[in-house]
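These notes concern the structure reproduced below.
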Amino acid sequence: MIRDMTLGQYYPVDSVIHKLDPRVKLSATFIYITALFLFRGLAGFALVTAVLFYVIHLSKIPFGYIVKGLKTVVTLLLITVVFNLLFTSTGTEYWHWGPFHLTSTGIINAVLMSVRLGYLVIGTSVMTLTTTPNALTDGLEKSLSCLNRIHVPVHELAMMMSVALRFIPILIEETDRIMKAQTARGADFEKGNIVRRAKNMIPVLVPLFVSAFRRADDLALAMESRCYTGGEGRTKMKPLKYGKNDRKAYLAVIVFFILVIVFRIML
Amino acid sequence: MGIIKAKNVVHEFFRRDEEGNVEAITTALDNVNLDIQEGQFIAILGHNGSGKSTLAKHINALLVPGEGTLWVDGMATNEEENTIPVRKTAGMVFQNPDNQIIASVVEEDVGFGPENLGVPTEEIRKRVINSLQSVGMAEYKSHSPNRLSGGQKQRVAIAGVLAMEPKCIVFDEPTAMLDPGGRKEVIDAAHELNRQKGVTIILITHYMEEVTGADYVYVMEQGSIIMQGTPREIFSRVDELKEHRLNVPQVTLVADELRRAGILIPAGILTREELVEAVIDAYGQAEMSTGGELSDGINYSG
């Protein structure tokens, strides 16, 4: 059913990774991405691969499920590979035709780039698969709270994000309902070329927007009536607290990062 | 002074044209006077556009009077420093169940109010559990609100208000978007809170059946209170209600018609049981079976 759709495709199983504090997962992902662009040589490659697979193993998410997420970036991967292969002119040349070259550096770059991109997508999807959108918002709010000092409305942004997450399924359902209502009156959303189909969406989008604004108005009133005045002086029902595993995870992430740097310098 | 007192409250909505000049003035509240005592169950009846929802928003300080004053627990709503204490004293449940639930998990939504008030974490958890229990939704605490029925969502909304520990809850047409089952759930929950916790309830509605259990009823039309009294007093004035195009509960209507037909039935019958008894009294024990059938034939939903 359409209302069961969740954003970020949280995969509900019970694992060590799922239980980690969202802040740990956020910073670990950030560091992993940095490491992906830093590593060099076979040892570095082996390290980032081993870590990724170990984390996937810990998360208890089926490997096939994660690889499915790669499908969406296949085109991007292919374009990167082709460009790297054909437009790198340094290194030993094997073949060339007009502006196109096939060189040893090109091949290495192509492989490296696809590994980097592929791991990047897998790495970030491990985070979104193991963290609920709410926990993620909470984690972001807490880890970015230092930006409050330079007047970035962190709490407000996080609140907007969580309200948006709450209303996505409601608005999807509403779209479905409006589309059915318009279909019943003879609208056709499947025929015609792309321009025609885009035009046909207007009678869906207009009522959807009107209703979204009305909902926003109602919600603002409801929030005000429950004494919402912004982030100041607010307490939390579920405050984020670091546990033993979180500290261990931080340590592991730091060790991993140092290793990547050491491998880069030494080898 | 009662918990809610309104003195000559006037509220006008201005419609402006593009230059900001006033085009039209709608008087939503016209000299409204109220005096509600703590612990009462009050119903406010009226058609769409009668000003009853505007009045509700005044009690919660979402709107402030243009003229006159409204006090909630002794605090005048038009003074800015009273806004938050007023909202804490008088909570509000709105019409649309979807548009007042803020979080994507039931217990987090109930915790939203106390979080805003700066209540300590441990205390929030306690309040959330207690509030959910008082509306019978404790087992749904970790569910997503999207999967609940309308009546359940409204009960979550009630719990959300309750967690702020208000003295008074305003229900602004809480059942208008619900099916009869959901309507009963919500109204029962409101009565339960009134009885068990002594919370003052102000129920705004246009369903006559929901009014019968109230202690006192105000009827509004075009921004003014046109009738007030106990439900029995109000519903014994059938002709007057009809004049204002207000539906009378079916039972009351039947009783009224019977009385007009010359059967000795008292005015202001509110429930099926009362009618059955009155008919039995009027006709004597011999007709009891007819009475039984009559009671089954009357439908609850209007």
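Read top to bottom, the protein sequences are chains A and B.
Here my numbering is used: position 141 in the first sequence is 143, and no number is missing along the way.
Here my numbering is used: position 177 in the second sequence is 180, and no number is missing along the way.
Positions of the beta carbon are idealized from the N, C-alpha and C atoms, including for glycine.
*Using the DSSP secondary-structure output, state which residues sit across from Ala203 (chain B) in a beta bridge.*
Taking the first residue of the second sequence as position 1, residue 203 (chain B) is located at position 200. The sequence shown places Thr at residue 203 (chain B), not Ala. According to DSSP, Thr203 (chain B) shares a beta bridge with B:Cys171.
_Rounded C-alpha distance that separates Glu126 (chain B) from Ile124 (chain A)_ = Position 123 of the second sequence holds residue 126 (chain B). Position 122 of the first sequence holds residue 124 (chain A). Distance from the CA of Glu126 (chain B) to the CA of Ile124 (chain A), rounded to the nearest whole angstrom, comes to 41 Å.
*Contacting positions in the region 210-229 of chain A - beta carbon closer than 9 Å to chain B*: Correct list: Arg216, Arg217, Ala218, Asp219, Asp220, Leu221, Leu223, Ala224, Met225, Glu226, Ser227, Arg228 and Cys229.
*Please confirm whether Ala46 (chain B) and Ala281 (chain B) have their CB atoms less than 8 Å apart.*
Taking the first residue of the second sequence as 1, we reach residue 46 (chain B) at position 43. Taking the first residue of the second sequence as 1, we reach residue 281 (chain B) at position 278. No, the Cβ-Cβ distance between Ala46 (chain B) and Ala281 (chain B) is not below 8 Å.
*Bridge-paired residues (DSSP) for Ile28 (chain B)*: Within the second sequence, the letter at position 25 stands for residue 28 (chain B). Ile28 (chain B) is bridged to B:Phe17.
*Which of the three DSSP states, helix, strand or coil, is assigned to Met161 (chain A)?*
What you label residue 161 (chain A) is simply residue 159 of the first sequence in a count that begins at 1. For Met161 (chain A), the secondary structure class from DSSP, reduced to helix, strand or coil, is helix.
*For Val189 (chain B), I'd like the list of residues in its chain whose CB is within less than 7 Å of its CB, leaving aside the five on either flank, ordered along the chain.*
Position 186 of the second sequence, counting from 1, holds the residue named residue 189 (chain B). Same-chain partners within the cutoff: Gly154, Gln157, Arg158, Pro177, Thr178 and Leu181.
*What residues in its chain sit with their C-beta under 6 Å from that of Leu261 (chain B), if we drop five residues either side in the sequence?*
Residue 261 (chain B) sits at position 258 when you count from the first residue of the second sequence. Closer than 6 Å at Cβ, skipping near neighbours: Ile268.
*Backbone secondary structure at Gly125 (chain A) - three-state DSSP*: Taking the first sequence and counting its residues from 1, the one referred to as residue 125 (chain A) is at position 123. DSSP places Gly125 (chain A) in the helix class (H, G or I) of the three-state scheme.
*May I ask you to report which of helix, strand or coil DSSP gives Phe191 (chain A)?*
Position 189 of the first sequence, counted from the start, is the residue given in the question as residue 191 (chain A). The three-state reading of DSSP puts Phe191 (chain A) in coil, since its state is none of H, G, I, E or B.
_Own chain partners of Ile266 (chain B) with C-beta closer than 7 Å, once the 5 adjacent residues on each side are dropped_ = Within the second sequence, residue 266 (chain B) is the residue found at index 263, counting from 1. Excluding sequence neighbours, Ile266 (chain B) sits near Ala285.
*asked:* Give me the subset of the region 78-111 of chain B whose CB atoms are less than 8 Å from a CB atom of chain A, sorted by chain position.
replied: Against chain A - using a Cβ distance shorter than 8 Å - the residues of the region 78-111 of chain B are Ile87, Arg90, Lys91, Gly94, Met95, Phe97, Asn99, Asp101, Asn102, Gln103, Ile104, Ile105, Ala106, Ser107, Val108, Glu110 and Glu111.
*Partner residues on chain B for Met239 (chain A), Cβ-Cβ distance less than 8 Å*: Indexing the first sequence from 1 puts residue 239 (chain A) at position 237. Residues of chain B with a Cβ closer than 8 Å to the Cβ of Met239 (chain A) are, in chain order, Glu110, Glu111, Gly114, Pro117, Glu118, Thr124, Ile127, Arg128 and Val131.
_Where Pro24 (chain A) meets chain B, residues with beta-carbon distance less than 9 Å_ = Counted from its first residue, the first sequence places residue 24 (chain A) at position 22. Under the 9 Å cutoff, chain B gives no residues; its nearest Cβ is about 15 Å from Pro24 (chain A).
*By how many angstroms is the C-alpha of Gly233 (chain A) removed from the C-alpha of Pro68 (chain B)?*
As a position in the second sequence, residue 68 (chain B) is number 65, starting the count at 1. As a position in the first sequence, residue 233 (chain A) is number 231, starting the count at 1. Near 28 Å, if we compare the C-alpha coordinates of Gly233 (chain A) and Pro68 (chain B).
*Just how far apart, CA to CA, sit Ile207 (chain B) and Glu143 (chain A)?*
Here residue 207 (chain B) is taken as the residue at index 204 of the second sequence, counted from 1. Here residue 143 (chain A) is taken as the residue at index 141 of the first sequence, counted from 1. Going from the Cα of Ile207 (chain B) to the Cα of Glu143 (chain A) covers about 39 Å.
_Between the region 119-134 of chain A and the region 57-69 of chain A, can you find at least three pairs of beta-carbon atoms closer than 8 Å?_
At 8 Å Cβ cutoff, the stretches touch.
*Interfacial residues, the region 162-179 of chain B to chain A, with Cβ spacing under 8 Å*: Within the region 162-179 of chain B, the residues whose Cβ lies closer than 8 Å to some Cβ of chain A are Gly163, Val164 and Met167, listed in chain order.
*Keeping to the same chain, check which residues put their C-beta closer than 6 Å to that of Pro252 (chain B); ignore five residues upstream and five downstream.*
Locating residue 252 (chain B) in the second sequence gives position 249, where the first residue counts as 1. Once the five neighbours on either side are set aside, the close Cβ partners of Pro252 (chain B) are Met211 and Glu212.
_For Ala37 (chain A) and Ser107 (chain B), I'd like the C-alpha separation in whole angstroms._
As a first step, residue 37 (chain A) is located in the first sequence; it is residue number 35 there, counting from the start. As a first step, residue 107 (chain B) is located in the second sequence; it is residue number 104 there, counting from the start. Straight through space, the alpha carbons of Ser107 (chain B) and Ala37 (chain A) are spaced by roughly 34 Å.
*Name the chain B residues whose beta carbon is nearer than 8 Å to that of Thr231 (chain A)?*
Counting from one through the first sequence, the residue named residue 231 (chain A) turns up at place 229. What Thr231 (chain A) touches in chain B: Ile87 and Asn119.
*For the alpha helix (DSSP H) that contains Phe39 (chain A), what are its first and last residues?*
Looking up residue 39 (chain A) in the first sequence gives position 37. It spans Pro24 to Leu40 - the alpha helix (DSSP H) in which Phe39 (chain A) sits, taken as one unbroken run.
*The alpha helix (DSSP H) with Ile62 (chain B) in it runs from where to where?*
As a working note, residue 62 (chain B) is residue 59 in the second sequence. First-last of the alpha helix (DSSP H) with Ile62 (chain B): Lys55 to Ile62.
*Could you tell me the distance, in whole angstroms, from the CA atom of Gly235 (chain A) to the CA atom of Ile7 (chain B)?*
On the first sequence, position 233 is the one that residue 235 (chain A) refers to. On the second sequence, position 4 is the one that residue 7 (chain B) refers to. For Gly235 (chain A) and Ile7 (chain B), the distance between alpha carbons rounds to 28 Å.
*Going along the chain, which residues of its own chain have a beta-carbon closer than 7 Å to the beta-carbon of Thr107 (chain A), five neighbours each way excluded?*
As a working mapping, residue 107 (chain A) is identified with position 105 in the first sequence. Sequence-distant Cβ neighbours of Thr107 (chain A) in its own chain, meaning closer than 7 Å and more than five residues away, are Thr90, Thr92 and Gly93.
_Would Phe47 (chain A) and Arg266 (chain A) qualify as a contact pair, given that the criterion is a beta-carbon distance under 8 Å?_
Start at 1 with the first residue of the first sequence, and residue 47 (chain A) comes out as number 45. Start at 1 with the first residue of the first sequence, and residue 266 (chain A) comes out as number 264. For Phe47 (chain A) and Arg266 (chain A), no; Cβs fall outside 8 Å.
*What whole-angstrom Cβ distance do Phe115 (chain B) and Gly163 (chain B) have, given they're in contact under 8 Å?*
Residue 115 (chain B) sits at position 112 when you count from the first residue of the second sequence. Residue 163 (chain B) sits at position 160 when you count from the first residue of the second sequence. 6 Å between Cβ atoms; contact.
_Please state whether the Cβ-Cβ distance between Ala160 (chain B) and Ile104 (chain B) is less than 8 Å._
Residue mapping note: residue 160 (chain B) aligns to position 157 of the second sequence, counting from 1. Residue mapping note: residue 104 (chain B) aligns to position 101 of the second sequence, counting from 1. Yes, they are a contact pair.
*Put Asp299 (chain B) into one of helix, strand or coil per three-state DSSP.*
Reading the second sequence from its first residue, position 296 is the one you call residue 299 (chain B). Only weak support exists for where Asp299 (chain B) lies, its pLDDT of 47 falling under 50; the coordinates are left without a value.
*With burial defined as no fewer than 16 other Cβ atoms inside 10 Å of the residue's Cβ, what is the status of Asp112 (chain B): buried or exposed?*
Stepping through the second sequence from its first residue, residue 112 (chain B) is reached at position 109. The C-beta of Asp112 (chain B) has 16 or more other C-beta atoms within 10 Å across all chains shown, which makes the residue buried.
*Given a limit of 9 Å on CB to CB distance, which residues of the region 132-164 of chain B reach chain A?*
Cβ contacts with chain A: Ser147, Pro148, Asn149, Arg150, Ala160, Gly163 and Val164.
*Thinking C-beta only, is Glu224 (chain B) closer than 8 Å to Gly94 (chain B)?*
Mapped onto the second sequence, residue 94 (chain B) falls at position 91. Mapped onto the second sequence, residue 224 (chain B) falls at position 221. It is not a contact, given that the beta carbons lie outside the stated cut-off.
*Span of the beta strand (DSSP E) holding Ala224 (chain B)?*
By 1-based counting over the second sequence, the position of residue 224 (chain B) is 221. With the sequence shown as reference, residue 224 (chain B) is identified as Glu, and Ala is not the correct amino acid for it. According to the DSSP assignment, Glu224 (chain B) belongs to the beta strand (DSSP E) that extends over Tyr219 to Glu224.
*Say whether chain B places a C-beta atom closer than 8 Å to the C-beta of Gly235 (chain A).*
Counting from 1 along the first sequence, the entry for residue 235 (chain A) is found at position 233. Yes, its Cβ sits closer than 8 Å to a Cβ of chain B.
_Distance check for Ile283 (chain B) and Arg168 (chain A), CA to CA, integer angstroms please._
Here residue 168 (chain A) corresponds to residue number 166 of the first sequence, with the count starting at 1. Here residue 283 (chain B) corresponds to residue number 280 of the second sequence, with the count starting at 1. Between Arg168 (chain A) and Ile283 (chain B), the C-alpha separation is close to 55 Å.
*Hey, how far is the Cα of Arg186 (chain B) from the Cα of Ser145 (chain B)?*
Here residue 186 (chain B) is taken as the residue at index 183 of the second sequence, counted from 1. Here residue 145 (chain B) is taken as the residue at index 142 of the second sequence, counted from 1. About 24 Å.
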